[in-house]
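For the sequence shown, our numbering begins at 999 and goes up steadily by one. I have placed the structure first, in the form of structure tokens, so that the comments after it can refer back to it.
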Amino acid sequence: MNYRSDINQHSGFKLSLCAAALTMAFPTFAQQGAPAADTGTQATAQKSNQIQEVVITASKRRESIQSVPMSVDALTSETLQKNNIQQFADVEKLSPGLVLNNADGRGQNISLRGVTFDPDTGASPTVQVYWNETPISTSDAFRSLFDIGRIEVLRGPQGTLRGQTSPAGAITVATRVPNLDSVEGTINQTWGSHKLWNTQAAVNVPLIEGKLAMRVAAVYDRSSNDVHNVVNGRDNGDRARGGRISLLYQPFKNLEVLLVHQQLKDENTNYPVNTGAPVAGQGSGPTLTQGDRSSVVEGNYDFYNRTKLTSLNVTWNLDGHKLSYIGGFQQSREVDDRDQDITNVIQNYVSQQLVNIKGLQRTHEVRFESTDGGFWNYMFGLYYTKSSFSSRFTQPLAYFFPVPYGAPMTIQLEGYTAPGTYGKGTAFFTDHRFALSANDTLEVGARHQKNESYSQQYLNVFGNTTESLPKGFANQESKHWTGSASYKHTFNKDVMAYVSYAGGYRPGGAAGFVTAAGLDPNYIVYKPEKSNSIELGVKSSFLNRTVTLNADIFQQKIKNYIGRANNVYVRTAAVAGEGPGPGAGGTYPADAATGGINLNTNGDVIARGLEATANWRINPDWRAQLSLSYVDAHYDKANLYCNDTNNDGKPDNLGFAVQPGRQISLCRSSRPLADSSENEAGRLNAVLQSEYARPISNYEGFVRGLIRYTPPSYYLPTSENIPSFIPVDLYVGMRDSERRWEISLWTQNLFDRSNKGSGSLNYVGGLPGGYLISRVPQQRRVGVTLRYDFGM
């Protein structure tokens, strides 16, 4: 078993979107706003009828978003404030096609361009998160956001310029940089329904004017999703506390040192929503619907996280060149304390699993690049990372069930990683940009990386300790080249077109905590993943830069995509070429003692799609933006581990059987990729934003909103089609003419739209309960936010 277990219309859209565009086009201008540090430019440009230039660092250089040959969403600090983006998971509201899944408090994952990720694979993520250009874990990214300068969502494989290669994209989070010249700060207070309380504050102080400055920021965040446990009386709730100190030192004009340290602590009680009622023989209990927002889990369902992040950025500008260093240090601890009988199949029985995870990561990157802007600009860099990891869990192991729906006989099971578990990566990368003419630019890059790891796990039960991985499988090593290339042609100052190529790579490895005696070790090992993507795009502006339109189409092929096959049945006595068995279609009974196990599985994937963003500065007071993403990501005739009861080559869950001649069944699949909750997302996502502001005496009143189209999806555990829904956020408020303070009344999900659907069964001792696991419906929220900036 794998003991680190998991919880397992377009017409309507068009009508709604047209109505919204005509009657309610007023949310925030998300991707077009001055960089956080350019507050003076921002204030001046507010009265201009032109769309402001956005400067991004997607290519490791400061460039206008309109000149970068890449699909990028840039979210400024102003955009984040206006939309009350106070949690990392809320960033997906402003970037269609980006899915930030907070799961149940563990197993957080990110999907982009339809390429999903299951953290229990143990593989590197498909979308890497960077904090001040240093890579951090996905789990540690899903926390409160405060005093942020800019967030960039980079779409497509990131294979050459950044610390980690990732096949679907990257998200960079940059904190606010200290100001060397003035005392300033900000206070942001939010009160809202469902016990929402968010306090953010920051103060900037020059210690040596023009040379040394310090910025201190802090956050206190508390909220609830109103889920109540009807068995033990507890309520869901999340509370986070954190602080950050940033030091900027500029002893000379050509030398800059930025040191940032942050600590954040998060405590989360997050019971799942249960629906239904007990079946005969299970016991008594209330009948629940999804709208009741209730849980019947008897034990705890708590998650604790403490993270320390440190980044050091040093930039030394030489004569026509720049030498840079980026260093990162991440230390985290996560404790998961949860009852695995998540639908209370067996009443008066708690299967409490306690998981304690500690991680430590250090990264170093050095870059040397030219800056003179001539025919040839080049960059050379070295990268090194080393991480150590320890994990330990304890839980009861049920080995005998005396009666149906009765408490089983159990023994304590313990699992832990071996001392010395580590991962190490080294890389050399280079990038070269050639100005072929005044209008044509060619850029090529390459990266060679080497990955090493050691990861052995032990399981202790019935007084016996066994190794999870066979000898020779605990050590893994890989080497690989990735590359990138782009060509862009600037037709005039308003129109640029490009074609780009990017390659991605994720190392292979071995699945952990798998115990199935006699299982061929090759089932435990998963192959490395390679991807190649082509993108064609255009970036343009019209009508004296009052309208911008950016669009791209792409195709990505992934070889040996690393996915997850959960609860697959095993028959260790299988012999290659054996005849049909006694089961349906010639199957054989699965090993009763093994039950279902969780494994990684490789299969080829193809993803195609288009992305577009249109911005319109209708007049100096009214602005609007429409963004959309259409993606089709599916397996390409892949052979995947599966359950196949009747040997027809199609996955099912009709019984405990395995195909003849195989220890684990294989099924051919061309299905869409599913996330870690086994949900196949829809293809079309769209976001409409707008804001309208008018002077009122010496002040300025505004109304803004955000409308999202979330497409239909398909839920595999219940073979259920989940309909689309369109949540609407609305903000009304007042601010002073210089925008030093602002007060807004807001409602999120104004019409109480949600991703409603039925739940899925959970089994304990081979028996299903009457209650189901259901997704937590989204809620309408209302509140008020007050922001005050001082000393600017």
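We put the beta carbon where it would ideally sit given N, CA and C, even for glycine. Quick caveat, the model's predicted, so the values are computed rather than measured.
The beta-carbon separation of T1267 and G1297, rounded to 12 angstroms, does not stay under the 8 angstroms limit for a contact. As DSSP reads the structure, N1227 sits in a beta bridge with S1293. DSSP assignment within the region 1100–1157 yields the following whole alpha helix (DSSP H) runs of 4 residues or more, N-terminal first: 1136–1139. Your pair V1053 and S1062 checks out as a contact, with CB atoms roughly 6 angstroms apart and the cut at 8 angstroms. Residues R1141, A1238, N1303 of the same chain have their beta carbon placed closer than 6 angstroms to that of D1264, with the five preceding and five following residues left out of the count. Taking 8 angstroms as the cut-off, the Cβ atoms of V1271 and R1291 count as close. With a contact defined as Cβ atoms closer than 8 angstroms, S1735 and E1698 qualify at about 6 angstroms. Q1187 and L1686 have their C-alpha atoms roughly 26 angstroms apart.
Under DSSP, K1448 takes part in a beta bridge, and its partners are T1424, K1477.
DSSP places L1078 in the uninterrupted alpha helix (DSSP H) bounded by 1075–1080. If you draw a straight line from the Cα of T1170 to the Cα of E1150, it is about 5 angstroms long.
CA-CA distance, T1439 to S1482, rounds to 14 angstroms.
Around the Cβ of P1578, a 10 Å sphere holds fewer than 16 other Cβ atoms; the residue is exposed. In the three-state reduction of the DSSP assignment, K1648 falls in the coil class. By the Cβ rule, the region 1334–1354 does not count as touching the region 1304–1318, because fewer than three pairs are nearer than 8 angstroms. Fewer than three pairs of CB atoms, one per stretch, sit closer than 8 angstroms, so the region 1073–1084 makes no contact with the region 1094–1103.
Between the region 1513–1525 and the region 1081–1092 there are fewer than three C-beta pairs closer than 8 angstroms, too few to call the two in contact. For G1581, the three-state secondary structure derived from DSSP is coil. Assigned with DSSP and collapsed to three states, S1282 falls in coil, not helix or strand. Bounds of the beta strand (DSSP E) holding I1741 are 1739–1746. By a beta-carbon distance limit of 8 angstroms, S1309 contacts G1326. Their separation comes to about 5 angstroms.
In the three-state DSSP reduction, N1753 falls in the coil class, being neither helix nor strand. Shown here, P1519 sits in a helix according to DSSP, grouped into three states.
Annotation for K1263: the continuous beta strand (DSSP E) segment containing it runs 1253–1267. The beta-bridge partner set that DSSP reports for G1379 consists of R1365, F1427. Taking the Cα positions, P1400 is about 20 angstroms away from Q1338. Contact check between the region 1470–1490 and the region 1441–1453: three or more CB pairs, one atom from each, fall below 8 angstroms, which counts as touching. One alpha carbon belongs to Y1769, the other to E1689, and they sit about 45 angstroms apart. A Cβ-Cβ contact shorter than 8 angstroms links Y1452 with Y1420.
Out of A1101, N1196, V1214, W1189, the CA that lies nearest to the CA of V1203 is found in V1214.
In this structure the region 1353–1365 touches the region 1381–1398; the number of beta carbon pairs closer than 8 angstroms is three or more. With contact defined as three or more Cβ pairs closer than 8 angstroms, the region 1568–1583 and the region 1607–1626 are not in contact.
Rounded to the nearest whole angstrom, the C-alpha separation of P1709 and L1092 is 15 angstroms. S1675 sits buried, since 16 or more C-beta atoms from the chains shown fall within 10 Å of its C-beta. By the Cβ-count criterion, A1278 is exposed, with fewer than 16 other Cβ atoms from all chains shown falling within 10 Å of its own Cβ. In the structure shown, A1087 adopts helical secondary structure according to DSSP, grouped into three states.
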